[in-house]
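Read top to bottom, the protein sequences are chains A and B.
In terms of the numbering used here, the first sequence opens at residue 947 and continues consecutively.
In terms of the numbering used here, the second sequence opens at residue 945 and continues consecutively.
C-beta: ideal position from N, C-alpha, C; glycine also.
Predicted, not measured: the structure shown is a model, and the values here were computed from it.
Below is one structure; the comments refer to it alone.
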Amino acid sequence: MNNSEYDRLMKAKSPGSPLAKDMFFAFLVGGAICALGQGLSLLYTYLGSDEQTAGTLVSVSLVFLSALLTGFGLYDNIARFAGAGTLVPITGFANAVVSPAIEFKPEGWVMGVGASMFKIAGPVIVFGEIACVIYGMVYWLFTMS
Amino acid sequence: MVTRNGKTLITDGAFIESFAAIVGKKEGEGPLGREFDRVYSDTTLGQDSWERSESTLLKDTVNLCISKAGASVRDYQLIFCGDLLDQCMGSSMAVKDFGVPVLGLYGACSTMAEALVMASVYTAGGAAERCIAAASSHFCSAERQFRFPLGYGGQRAPTSQWTVTGAGAAAVTCRKSSVTVKAVTPGTIVDMGVTDANNMGAAMAASAFDTLNAFFTDTGMSPEDFDIIATGDLGLVGSEMLRDMMSAEGKALSSSYTDCGILIFDREKQDVHAGGSGCGCGASVLCGYILPRVSDGRFKRALFAATGALMSPTSSQQGDSIPGICHAVWVEHV
């Protein structure tokens, strides 16, 4: 059996991801997180914040909640079903920073927590920054005139 | 005495006098939960790092295996052991205080079979009277080394396997006991170009096929001659592939064929996708489920063929394919 025949056999025997189910739960949980954010935004505005401050407070609240749930070991249990629903919102980013910070504590504060904290989130920051620069340049080019 | 026939070594005079298996909570809740000597519901084992937890798990298992033989650790001339962690520190830390010569092994999830190959050849060849073969894995120490932190919210692929928290140890001796190691077949590394680290069963299936094929050719036995043929941890995908390949070769595996990764968990209820994996998977199923049955005669003849995916996080990131290896151990009731 050569490699391509083997590859065909492997593909025939490997079950695919349940896409419909995964997308449904991602929509449900991701949507619920966004709805929670909107609810918090309305609450903060009601309590007297202006729209921009309320937006910042919503981000801070969601990041805090995500970190808290990660610390209690609950976030990954939700994410197991929610997939992209918990990954894409800001809560997923918080989880990606907090989980290695907890995990690598036995390696010490500097080389463990400090060095490993951005192991997963690091690439997101790097490529996020690059995307920002490209977007900024395009924006600048189109708004020059 | 050891004689060679093809790739297979006939280990005349190697016996297994005692064996022990200890597993973690999830494995204890699985279909084989009652078969293991001990189930530790606290998977930290009271340690402050997962690596130390794994070492403690293996140390306890080796100690239990020794006490079941009514021996003390100094009665053994050699320990063959291994695990999945960097530089095999999981097993080195476990046996460092025993004061017995150690030969550390790395065969990924095939390590228990590799250790038994070594122990049987050493005892049958007269280089040792009593030695120990042992291997371990721990879900939490493996996750942080090979995948993501425990608290990271990710979704697993349906083909992925769940690393078993467990350890197995077997004491091999030249004194007659109810279990003999008839022959062993050290495996060849087989690489079929699989690069998906989430489908290790598929990466390893070709090596299992290669070793089983060599074993049956060398020994003149056929799959029907065995009460159980258990591959290490091909899981659902790999074991299905192996069945297909063996059938095409005219050596179809009958209902006696199973896989340790499928036996140890309830795949649906325990959410482990394609099944269990890790050195501790084959080791604990062999020492907790197969050997007790060979010992009391419920299985007259058993073939344990543990498989290993010889990849590292570095080789994976560099895009290398995943070579597989499989070692076979033929044990029989005396």
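Endpoints, alpha helix (DSSP H) assigned at residue i
| i | result |
| --- | --- |
| Trp940 (chain B) | With chain B covering only 945 through 1278, there is no way to say anything about residue 940 (chain B). |
| Ser1035 (chain B) | 1033-1039 |
| Ser1183 (chain B) | 1179-1192 |
| Ile1048 (chain A) | 1036-1049 |
| Lys1126 (chain B) | Lys1126 (chain B) -> not in any alpha helix (DSSP H); beta strand (DSSP E) instead, spanning 1123-1129. |
| Cys1009 (chain B) | 994-1012 |
| Glu997 (chain A) | 997-1017 |
| Tyr1021 (chain A) | 1021-1028 |
| Val939 (chain B) | Since the first residue shown for chain B is 945 and the last is 1278, residue 939 (chain B) is missing from the structure and cannot be characterised. |
| Ser1259 (chain B) | 1257-1261 |
| Ile1066 (chain A) | Element bounds for Ile1066 (chain A): n/a, residue is neither H nor E. |
| Tyr952 (chain A) | 949-959 |
| Glu971 (chain B) | 969-972 |
Any non-hydrogen atom of the ligand MG within 7 Å of residue i CB
| i | result |
| --- | --- |
| Ala1174 (chain B) | Ligands displayed in this structure: none; no statement on the ligand MG is therefore possible. |
Residues near residue i in its chain [Cβ-Cβ closer than 8 Å; skip 5 each side]
| i | result |
| --- | --- |
| Ala1146 (chain B) | Thr1103, Val1138, Asp1140, Val1181, Gly1182, Met1185 |
| Pro1130 (chain B) | Lys951, Leu953, Glu1058, Val1061, His1271 |
| Ala1028 (chain A) | Phe971, Ala972, Leu974, Val975, Gly976 |
Spatial neighbours of residue i in its chain, beta-carbon cut-off 7 Å, leaving aside the 5 residues before and after
| i | result |
| --- | --- |
| Asn1142 (chain B) | Ala1101, Thr1103, Ser1104 |
| Asp1171 (chain B) | Ser1200, Phe1243, Lys1244, Arg1245, Ala1246 |
| Phe1039 (chain A) | Ala1067, Val1070 |
| Ser1012 (chain A) | Tyr1021, Thr1037, Ala1040, Asn1041 |
| Thr991 (chain A) | Glu997, Ala1000 |
| Arg1119 (chain B) | Phe959, Glu961 |
| Tyr1050 (chain B) | Gly1026, Cys1032 |
| Cys1009 (chain B) | Ser962, Phe963, Ala964, Ile1076, Ala1113, Ala1114, Ala1115 |
| Arg1026 (chain A) | none |
| Ser995 (chain A) | Leu1003 |
Exposure of residue i, with buried meaning 16 or more beta-carbon neighbours within 10 Å
| i | result |
| --- | --- |
| Leu988 (chain A) | exposed |
| Trp1086 (chain A) | exposed |
| Pro1257 (chain B) | exposed |
| Ser1085 (chain B) | buried |
| Thr947 (chain B) | exposed |
| Lys1003 (chain B) | buried |
| Thr987 (chain B) | buried |
| Asp1215 (chain B) | exposed |
| Cys1078 (chain A) | exposed |
| Ile1080 (chain A) | exposed |
| Phe1073 (chain A) | exposed |
| Thr1124 (chain B) | buried |
| Leu993 (chain A) | exposed |
| Gly1226 (chain B) | buried |
Residue range of the unbroken beta strand (DSSP E) whose run includes residue i
| i | result |
| --- | --- |
| Asn1142 (chain B) | Here Asn1142 (chain B) belongs to no beta strand (DSSP E), and DSSP marks it neither H nor E. |
| Val1056 (chain A) | Taken as a continuous stretch (DSSP letters only), Val1056 (chain A) belongs to no beta strand (DSSP E), as it is neither H nor E. |
| Ser1080 (chain B) | 1074-1081 |
| Thr947 (chain B) | 946-949 |
| Glu979 (chain B) | Unbroken run through Glu979 (chain B): none, as it is neither H nor E. |
| Phe1248 (chain B) | 1245-1253 |
| Asp1203 (chain B) | 1201-1203 |
| Phe973 (chain A) | Not the beta strand (DSSP E): Phe973 (chain A) falls in the alpha helix (DSSP H), residues 965-992. |
| Gly1048 (chain B) | 1046-1049 |
Pairwise C-alpha distance: residue j and residue i
| i | j | result |
| --- | --- | --- |
| Ala1093 (chain B) | Gly1224 (chain B) | The displayed chain sequence assigns Pro, not Ala, to residue 1093 (chain B). Roughly 20 Å between the two C-alpha positions. |
| Asp1203 (chain B) | Asp956 (chain B) | 27 Å |
| Gly968 (chain B) | Lys951 (chain B) | 36 Å |
| Gln991 (chain B) | Val1108 (chain B) | 18 Å |
| Leu1230 (chain B) | Asn949 (chain B) | 25 Å |
| Leu965 (chain A) | Gly976 (chain A) | 16 Å |
| Val1259 (chain B) | Ser985 (chain B) | It is Ser, not Val, that sits at residue 1259 (chain B) in the sequence shown. Cα-Cα distance, rounded: 34 Å. |
| Leu1254 (chain B) | Gly1019 (chain A) | 31 Å |
| Leu1207 (chain B) | Leu953 (chain B) | 28 Å |
| Met956 (chain A) | Arg1187 (chain B) | 12 Å |
| Asp953 (chain A) | Trp1274 (chain B) | 30 Å |
| His1082 (chain B) | Phe959 (chain B) | 28 Å |
| Gly1164 (chain B) | Val1059 (chain A) | 57 Å |
| Glu971 (chain B) | Asp1041 (chain B) | 28 Å |
| Ala1038 (chain B) | Asp1030 (chain B) | 14 Å |
| Ser1005 (chain A) | Phe1050 (chain A) | 26 Å |
| Ser1166 (chain B) | Val1116 (chain B) | 26 Å |
| Ser1045 (chain A) | Gln1089 (chain B) | 14 Å |
| Thr1016 (chain A) | Gly1095 (chain B) | 6 Å |
| Gly1070 (chain B) | Arg1018 (chain B) | 18 Å |
| Gly1220 (chain B) | Glu1087 (chain B) | 13 Å |
| Leu1178 (chain B) | Ala1149 (chain B) | 6 Å |
Cut-off 6 Å between Cβ atoms - residues of its own chain near residue i, not counting five sequence neighbours on either side
| i | result |
| --- | --- |
| Tyr1233 (chain B) | Leu976, Glu979 |
| Ala1015 (chain B) | none |
| Ala1047 (chain A) | Val1059, Met1063 |
| Leu1197 (chain B) | Pro1167, Arg1187, Met1190 |
| Lys1126 (chain B) | Trp1274, Glu1276 |
| Ser1122 (chain B) | Ser1239, Val1278 |
Residue i at chain C interface by Cβ criterion, 8 Å
| i | result |
| --- | --- |
| Leu982 (chain A) | Chain labels in this structure do not include chain C; the protein chains are A and B. |
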